[in-house]
Each structure stands twice: as C-alpha cells, then as structure tokens.
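Undergrad:
This is the structure:
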C-alpha cells in the first residue's frame, strides 16, 4: 500500500480528535532495547513520535489484519500487535501502568475496519428487531422478524362464543316479506304507537295479505306479459303505490286523532 508521507504527517499532527494518546515503550526490531515514544491513535492508524512536541511521526502502524494480545516479557504491562503471515513484524509495546495497558489494548482492538464492520452489522440487526417489535405492538422486544404473534386481549376464541347470526329475512320477487318472519302473525299491540320485537328494535308494519287474481285478471296479465316486456316494471309501480298508500293509512291510524 502506497502512503503519502506529507498527508500522513498532516493527519497525525492536525487538530482532529485522537482515539487514544500517551507514552508507550516500544521494543526495537533489531535491538531488543525499549524506547519511550509518544503514540497517537487515529482511526486505524497508530502514529508514534520521538517526543510529544515532535512535528512529524517517526512511523505509523496500520491496524488491519492484526491481533492485540498480552505477552510475556521482562518488562511489565507488555502487549503485542501481531500480524498474520510468516514474515510479518510483531510490535511489542509496554505501558507505564496496568490501567494504561488495558486502555491501549481495548482501543487498539477496536481500531480496525473489520471490527467496525461487525459493530455496524450488529447495530443494524438490533435496529431491525426494534422496528419489527414496534410494528407488531410489543415495544422494543428482541424477537426474530416475523416471529411475533398478537396475543388475544379477551377470552380465547371458541365457536361457542360466537354471537348468533340474525335471521335472514325471506324475500319474494326481490322484496322482503315481513309477514313470513317468526312472530309476525301475532295481532298488533295497540298499547304503544310503535311495535317492538323481542330485542327492542322497532318492527316495520305488516304488509296486507296477497290477493288471489281471478281467471280474467290472470288471463289479462298473461296477455300483457306477452305484449309488453316492461310488465314487471308496471306491476312494481302499481303495487308499490298501493303499499305506500296502505302504509300511510297504517301510520295515521297509529298516530290517532289529533
């Protein structure tokens, strides 16, 4: 990977906030002596300087494909940054205290983009679970998407608890025949102005009994049906006017004299 030295130096010394910074002892690659260096962690790059006031870093360690682990050494509070591969270099560092070592190990372990990718995936998974929970009405429950089932708020459903269906009103020629309903053949109650059925709802007035047509009327009706295709409409209008007149008379009788 090609790195621009000026860009790296500017990034190392700019005013952008650092993830961690402090003095660490770094063991040399050829000589095993430890040298005190000022380290600055920004993102996945670990810069180290000779002094805290230095303007340019001595080196940089790109923290990708590496592991941070404690190691046995003559120095106290020692840890190592190991890279995969036979010829890869291992950086051995030592902190000045136990708290400083734990802080550096934690921050260095979380600096790579691989770790950030895992964190983002986990956060996306949690967000998706929260959205499914809110959509299902169970708040922020941590269930698998699609596994939520609504719980019945009332008693459990059973066929015995279903309400009885209303009686279907019989029809004749597309019109309801109220006289065929159960109890409709009883004499009207004159104690009140409006009749009510057993459920307390007003009952419509009964229709007059159907008349039986004579032979002459039946013959004329058959002739009219043969002559005009609109006989049904005419009969509908005729009996409709008769029903309306009878209903009006019934209402007036119910109201009584004023």
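In the working numbering, the protein residues as written are 38 to 295.
Glycine residues also receive a C-beta, built at the ideal position from the N, C-alpha and C atoms.
What's the gap between the Cα of residue 269 and the Cα of residue 280?
TA: Reading the chain shown from its first residue, position 232 is the one you call residue 269. Reading the chain shown from its first residue, position 243 is the one you call residue 280. Going by the C-alpha atoms only, they are around 16 Å apart.
Undergrad: With DSSP collapsed to three states, give me the class of residue 269.
TA: Sequence index remark: in the chain shown, residue 269 carries index 232 (1-based). Three-state DSSP puts residue 269 in a helix.
Undergrad: Based on DSSP bridge pairs, tell me the residues matched to residue 75.
TA: The sequence position of residue 75 within the chain shown is 38, counting from 1. Answer by DSSP bridge pairing, in chain order: 60 and 86.
Undergrad: State the beta-bridge partners of residue 115 as determined by DSSP.
TA: Here residue 115 is taken as the residue at index 78 of the chain shown, counted from 1. For residue 115, which the question treats as bridged, DSSP gives the partners 131.
Undergrad: Whole angstroms is fine: what's the gap from residue 111's alpha carbon to residue 168's?
TA: Looking up residue 111 in the chain shown gives position 74. Looking up residue 168 in the chain shown gives position 131. Approximately 53 Å between the Cα atoms of the pair.
Undergrad: According to DSSP, is residue 107 part of a helix, a strand, or is it coil?
TA: By one-based count along the chain shown, residue 107 stands at place 70. Three-state DSSP puts residue 107 in a strand.
Undergrad: Is the beta carbon of residue 113 less than 8 Å from the beta carbon of residue 137?
TA: Translated into the one-based positions of the chain shown, residue 113 becomes position 76. Translated into the one-based positions of the chain shown, residue 137 becomes position 100. No, the pair does not count as a contact, with Cβ atoms beyond the cut-off.
Undergrad: Secondary structure at residue 142, three-state DSSP: helix, strand or coil?
TA: Position 105 of the chain shown, counted from the first residue, corresponds to residue 142. DSSP places residue 142 in helix when its eight states are reduced to three.
Undergrad: Could you check whether residue 144 and residue 81 sit closer than 8 Å to each other, using their CB atoms as the reference points?
TA: Stepping through the chain shown from its first residue, residue 81 is reached at position 44. Stepping through the chain shown from its first residue, residue 144 is reached at position 107. No.
Undergrad: Assuming contact is defined by CB atoms lying nearer than 8 Å, are residue 86 and residue 73 in contact in what I supplied?
TA: Along the chain shown, one-based indexing puts residue 86 at 49. Along the chain shown, one-based indexing puts residue 73 at 36. Not a contact, by the Cβ cut-off of 8 Å.
Undergrad: Helix, strand or coil: how does DSSP classify residue 66 here?
TA: The sequence position of residue 66 within the chain shown is 29, counting from 1. The answer is coil: DSSP assigns residue 66 none of H, G, I, E or B.
Undergrad: Which first and last residues belong to the beta strand (DSSP E) in which residue 157 is found?
TA: As a first step, residue 157 must be located in the chain shown, where it is residue number 120. From DSSP, residue 157 is part of no beta strand (DSSP E) but of the alpha helix (DSSP H) over 150 to 173.
Undergrad: According to DSSP, which residues form a beta bridge with residue 102?
TA: The residue given as residue 102 occupies position 65 in the chain shown. Looking at the DSSP assignment, residue 102 forms no beta bridge with any residue, so it has no partner.
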